[in-house]
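Working notes for the structure below.
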Amino acid sequence: MTIKRAFLLVALLSFSFSAFCQQSAAYTHELVDFNRALELYNNEQYLAAQTLFDKVKDENHDEKIKGDAAYYIANAAVRLNQPGADKLMEDFVTRYPTSTKTNSAYLDVADYYFQTGKYPLARRWYDKVDEKAMSRKDKERYYFNNGYAYFKSNQLEQAQDYFNRVRDSQEYGAQAKYYLGYIAYEGDDYEEANEYFEEVKENDRYSEDLSYFQADMNFKLGNFEKAIEQAESQMNKSNAQEKSQLNKIIGESYFNLQQYDKAIPYLKEYKGMRGKWNNTDYYQLGYAYYKQGAYEEAIAEFNKIIDGKNAIAQNAYYHLAQAYLESDQKQQALNAFKNASEMEFDAKIQEDALLNYAKLSYEIGNSFESPSQVLINYLNKYPNTANKAEMETLLIDSFITSKNYEEAMRLLENNKNFSDKAAYQKVAYYYGLGLFEAGDYYEAIKNFDKALKQNVDATINAKATFWKAESEYNVNRIDDAINGYREFKNLSSARSMEEYADLDYNIGYAYFKKNDYTQAVNYFKSYSSSSNAEGAKKNDALLRLGDTYYVTSQYWPAMEAYQNAINNGVSNADYAAFQKAISYGFVNRNDTKIEDLNSFMGKYPRSPYRDDAMFELGNTYVAANNTAQAIQSYNRLIRDVPESALVPKAMLRQGLIYYNQNEGNKALERLRKVVSDYPNTPEAKQAVSTARNVYVDLGRTDEYASWVRNIDFVEVSDADLDNTTYEAAENQYQANNTQKAIANFESYIRSFPNGIHSINANFYLAQLYYRDGKVDKSIPNFRYVTSKPRNEFTEQALARLAQIYLEKKNYAEALPLLQKLETEADNPQNIVFAQSNLMKSYYETGNFAQANAYAEKVLNNSASEEAAKTDARIMVARAAIKSGNDNKARSAYKEVQKKATGELAAEALYYDAFFKNKDRNFEASNAAVQILAKDYSGYKIWGAKGLVLMAKNFYGLKDAYQANYILENVIKNFPQFPEVVSEAKAELARIKTQEAKTNSSVETNN
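In mature numbering (1 follows the signal peptide of the UniProt record, and there is no 0), the protein residues as written are -21 to -1, 1 to 985.
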């Protein structure tokens, strides 16, 4: 180098150093601040660092320093989770695109979010990183972190792609293989998973988890012994949750190896997923118990399986049913077999379940469907079964034992695959008998005829003959009834039957009803003197014997029969005593008649015949020309029994006595009172006619004319026409020419709406309409009769009209009629009719206090028959239920249960079960429901209500399966009873909500 060039270089260096030194004062100061800020940042004092970087950025003009400061400001914002941190980083990249820290910025932010567990944010920033600009080390971290972020987001396919890139990495390879193994495990690719796990099993970090996974994989691959070995080796190293899963693996492995005794303790230790078992868990433990013969324990697990709709559930329900059978819980077994038989996953289980369901239905009854239908369903579904003969035998018997004869007849008549004449004859007979007891006599006759056509069983043939005759008697086909009774009497098989004992009594009544009194006398006499006659029927036969002698004018034999009835302790001795007293008058023993009538009134002061006795006594005194005593007897009747239909007759008789004694004014007073108080009655018409004669005799014809013009029912000029028209109608009525009689009575009422015979005409016309089935048309005519003052037809018209309204359930119209009938009736049975139907009407209209009051009246009325008393007891019970008086309802239903039959017995039995449920006596309640199902299956409403009760009982006994299944079947099978279905739905929702707390398989609507 020359001196010149050396000098130049020194000069240049001197100049540069001089210039640099001039700038470095400020630059060095700013670099100190930058370094201080960076130190704070590296010490994680991000807020202080951020503040200082802000200052450096504002005070420095060097773009590189400003860019670096902006980078750290944004990075600190990210770490401080400040609002707008992402935007600061975006602004840095936009403002300093050539900064060497751009890629580092993306990677650094992504890594930060990754380290803080914010994987979706991390992935968003990793997506911005330029992979090509990274170092190998950064790339590996980038691949692993990205893969893990995808893994944590359950995007396993993307995760697998990134993990595969680093599976050979020294730093990340073991972790990547672990997660690749886990992804394969979750995808059920156990071979690949096992390969990865084998590669990392020596790594302490993963060894514990791998033992669980490998145990589970071996279980799933069917390597149960290996699974048990690995799970047991892991047990002591695991936490509580892991132990639960390991117990499940070991328990299920033993289960699959059919080592049920070893499986049980491990299956029991399983805690479930999130604290809940599912149906499969309960099935495995239940089946393990079942195979060990521990049936109660098996039931306790199986019956937690509800809502099952798969092959496991079918298998569980079938074995649950078997366990119930082994424990002698037949009702529960029936339900479980039914459930299993309705599933089609396993055909063999389905067939055997249906077979057992059918057999149990026959044995213990079935509230869901008739046992007969279940048996037929089985035979139809499996026509070639080896059990065919046995099931057909059960089917025949089920028709009889189920007592559901209506459905049995329908099944027999509509099923072409089954025809057994003996079974058909029996069912037809019993169905007819049930219809007879229900009062449906025409349908009863049809079924008795069906039984008679088969003529297979002589006993059934004879009984059908008798009860057909009884039915014909009740529909007034008297000649047919008599022929039937006689045919029965001539059958050799009839003599040993209970029906034969009272046969002469029945035939006597048929002749009596036919007015053939000569024949009636013979049969009543034969019956009353026979050894079979006893009790109420013998008394009644003696009374009817007396009546038949009486109407045929054989008064001495009549009196003897009436006296025999009294001596025999007949309940209505007052009737016999009255008839006997009357009979003395026909044999010219008026003194004895008077003596007996006076004795009658003293002995029977409350008899419904007391007004008849007073009236007859008055008549007898008249015949004996003792008019003073006659007047006194009539006065007694008028005073003591003012509502009697005989009062106007007595007044009329008094008027005639006074007229015949020339006491005209007294006669007119009596006669005019009859007309004013009892218009339109025959007595009123006769009173007008007699008064006319009195007025004529007294010479007061003007007074008569003035009086008679104000009487609206008298049409003096048309009297002859009135009588003639009425007589024509009455003749047709007495000759049983119904249609002609109707036409003539209609004509009479149109012509003489207030005629002399208007009450009679309206009553007879109403009766004819009613008999002819024109019930609605009869109502106005019956109403006319009941609207008039007490007359001879008042009682019958009230009873009939009330009955019509009762049949229409028109209680508002029926109630006042029944009230009037109760107070005015002479016939004790009409009083009972009124009281019992007042009881029912008040109940139906919600007046339970009155319903209860009338029930007590019926029970305390000695004339009430047992059927009426049973109705009264049930009404007391129902009213008590409605008013919430449980104690009274309990005792009332107990009384009903003693004697009730049919639907009333079903109702009483239901409430027996109901109160036992309230007492939490669930097993006894279920026993009552089972009787209800077996003996009263025809009464569907009580069967349905009983099933809901049974479901509540089972849930009380901790049998959720039974409760659930029964309620679901009620909802499905009884849509005709919406209130019952509604209760079943509410109870089912309650049970499922409760069970869902421990069983993850249970679905609720919540």
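Every residue gets a Cβ at the ideal spot worked out from N, C-alpha and C, and that includes glycine.
Here the structure is a predicted model, which means the values were calculated and not measured.
**Prompt:** Roughly how many angstroms lie between the CA atoms of Gly922 and Pro954, to the nearest whole one?
**Reply:** 13 angstroms
**Prompt:** With a CB to CB cut of under 6 angstroms and the five nearest residues on each side skipped, what residues in its chain are close to Gly126?
**Reply:** Ala138, Tyr141, Phe142
**Request:** For Ala684, count neighbouring Cβ atoms within 10 angstroms of its own Cβ and tell me buried if that reaches 16, exposed if not.
**Result:** exposed
**Asked** Starting from Gln29 and walking both ways along the alpha helix (DSSP H), at which residues does that stretch end?
**Response** 25 to 38
**Request:** Please look up how many angstroms separate the CB atoms of Leu647 and Asp590, rounded, as I've assumed it's under 8 angstroms.
**Result:** The Cβ separation is near 25 angstroms, so there is no contact.
**Asked** When DSSP labels each residue in this structure, what does Met214 get in the three-state scheme?
**Response** helix
**Request:** Assuming Asn952 contacts Phe347 (C-beta within less than 8 angstroms), just tell me the rounded distance between them.
**Result:** 6 angstroms
**Message:** Need the endpoints of the alpha helix (DSSP H) that Gly201 sits in, please.
**Reply:** Run containing Gly201: none; DSSP gives neither H nor E here.
**Option nearest residue 1056 by Cα separation, candidates Ile243, Tyr261, Pro362** = As displayed, the chain neither begins before -21 nor continues past 985, which places residue 1056 out of reach and without an answer.
**Prompt:** So, using beta-carbon positions, are Ala745 and Ile735 closer together than 9 angstroms?
**Reply:** no
**Request:** Per DSSP, which residues does Trp256 bridge with? Please list them.
**Result:** Asn978
**Message:** Counting beta carbon pairs with one atom in the segment 786 to 798 and one in the segment 635 to 654, are three or more of them shorter than 8 angstroms?
**Reply:** no
**Asked** Could you give the residue range of the alpha helix (DSSP H) that holds Phe281?
**Response** 274 to 281
**Prompt:** Exposed or buried, Ala4, counting other C-beta atoms within 10 Å across all chains shown (16 or more means buried)?
**Reply:** Low per-residue confidence applies at Ala4: pLDDT is 45, beneath 50, and the placement is therefore not dependable enough to give any value.
**Request:** Determine the contact status of Gln263 and Gln293, defining contact as a CB-CB distance below 9 angstroms.
**Result:** no
**Prompt:** Among residues of its own chain, excluding the 5 on either side of Tyr410, which ones have a beta-carbon nearer than 8 angstroms to its beta-carbon?
**Reply:** Tyr384, Glu385, Ala387, Met388, Asn426
**Request:** Whole angstroms is fine: what's the gap from Ala(-11)'s alpha carbon to Tyr85's?
**Result:** Per-residue confidence for Ala(-11) stands at a pLDDT of 33, beneath the threshold of 50, marking its modelled position as unreliable; no derived number is given.
**Prompt:** Going by alpha carbons, who is nearest to Ala592 out of Val566, Lys559, Arg568, Asn605?
**Reply:** Lys559
**Request:** Could you spell out where the alpha helix (DSSP H) holding Arg589 opens and where it closes?
**Result:** 589 to 602
**Asked** For Thr983, does the three-state DSSP call read helix, strand or coil?
**Response** coil
**Request:** Figure out for me which residue from Asp307, Lys309, Asn335 has the closest Cα to the Cα of Ala319.
**Result:** Asn335
**Asked** CB-CB under 8 angstroms to Phe192, same chain, minus the five flanking residues each way: which ones, in chain order?
**Response** Gly160, Tyr161, Tyr164, Ala172, Phe176
**Item:** Through-space distance from Ala556 to Ile545, alpha-carbon basis
**Value:** 7 angstroms
**Message:** On the DSSP letters alone, give me the boundaries of the alpha helix (DSSP H) that His736 sits inside.
**Reply:** Taken as a continuous stretch (DSSP letters only), His736 belongs to no alpha helix (DSSP H), as it is neither H nor E.
**Asked** Going along the chain, which unbroken runs of the alpha helix (DSSP H) with 4 or more residues stay wholly within the segment 509 to 533?
**Response** 514 to 530
**Message:** Can you look up Leu817 in the DSSP assignment and give me helix, strand or coil?
**Reply:** helix
**Asked** Measuring CA to CA, which of Asp167, Leu200, Gly152 is closest to Glu178?
**Response** Gly152
**Request:** Mind reading off the beta-carbon distance from Tyr915 to Ala885? Whole number of angstroms is fine, and I expect it under 8 angstroms.
**Result:** 4 angstroms
**Message:** Please identify the residue among Gln665, Ile228, Asn716, Gln775 whose C-alpha is closest to the C-alpha of Asn702.
**Reply:** Gln665
**Message:** Helix, strand or coil for Gln308? Go by DSSP, reduced to three states.
**Reply:** coil
**Request:** Would you kindly check if the distance between the Cβ of Tyr484 and the Cβ of Lys468 is under 9 angstroms?
**Result:** no
**Message:** Considering only their Cβ atoms, is the gap separating Val687 from Val673 smaller than 9 angstroms?
**Reply:** no
**Request:** Determine the DSSP secondary structure at Asp325, reduced to helix, strand or coil.
**Result:** coil
**Request:** State the DSSP-derived secondary structure class of Phe772, mapped to helix, strand or coil.
**Result:** coil
**Asked** Whose C-beta lies closer than 7 angstroms to the C-beta of Ala708 among residues of the same chain, with five residues either side of it excluded?
**Response** Ala720, Asn723, Phe724, Tyr727, Ala740
**Asked** Roughly how many whole angstroms lie between the Cα atoms of Asn124 and Ala101?
**Response** 9 angstroms
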